[in-house]
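Student: My questions all concern the structure below.
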Amino acid sequence: MPGEMVEPTQVPKLEEPKFGFNDYAERLNGRAAMIGFLLTVIIEYVTDKGLLEWLGLK
2 MPGEMVEPTQ VPKLEEPKFG FNDYAERLNG RAAMIGFLLT VIIEYVTDKG LLEWLGLK
């Protein structure tokens, strides 16, 4: 019939962007934050100083 809606037979496979607010970026930021926090705790434990004091900012 003319004017009848036809559904596509295939759905395009789109690659997720590697920037912006998406699962990949959020997972990467979370991992970086965990590593930074752990390094801060290790520095404070080993040097017996706070991070700002260890950096010479206090």
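Take the sequence shown: its letter number 17 is residue 18 in our numbering, and every next letter is one higher. Each residue gets a CB set at the ideal place from its N, CA and C atoms; glycine is no exception.
Using beta-carbon positions only, say whether isoleucine 44 and leucine 53 come within less than 8 Å of one another.
Tutor: Counting from 1 along the sequence shown, the entry for residue 44 is found at position 43. Counting from 1 along the sequence shown, the entry for residue 53 is found at position 52. No.
Student: What first and last residue would you give for the alpha helix (DSSP H) that runs through proline 40?
Tutor: Within the sequence shown, the letter at position 39 stands for residue 40. Just to set this straight, residue 40 is leucine in the shown sequence, not proline. Start and end: 24-48.
Student: At which residues does the alpha helix (DSSP H) containing leucine 52 begin and terminate?
Tutor: Locating residue 52 in the sequence shown gives position 51, counting from the first residue. 52-55 is the span of the alpha helix (DSSP H), which, as asked, contains leucine 52.
Student: Here's a check: name, in chain order, each residue in its chain whose Cβ is nearer than 6 Å to the Cβ of glycine 41, leaving out the five neighbours to either side.
Tutor: The count along the sequence shown starts at 1 and reaches residue 41 at position 40. In the sequence as displayed, the identity of residue 41 is threonine instead of glycine. Excluding sequence neighbours, threonine 41 sits near Leu52.
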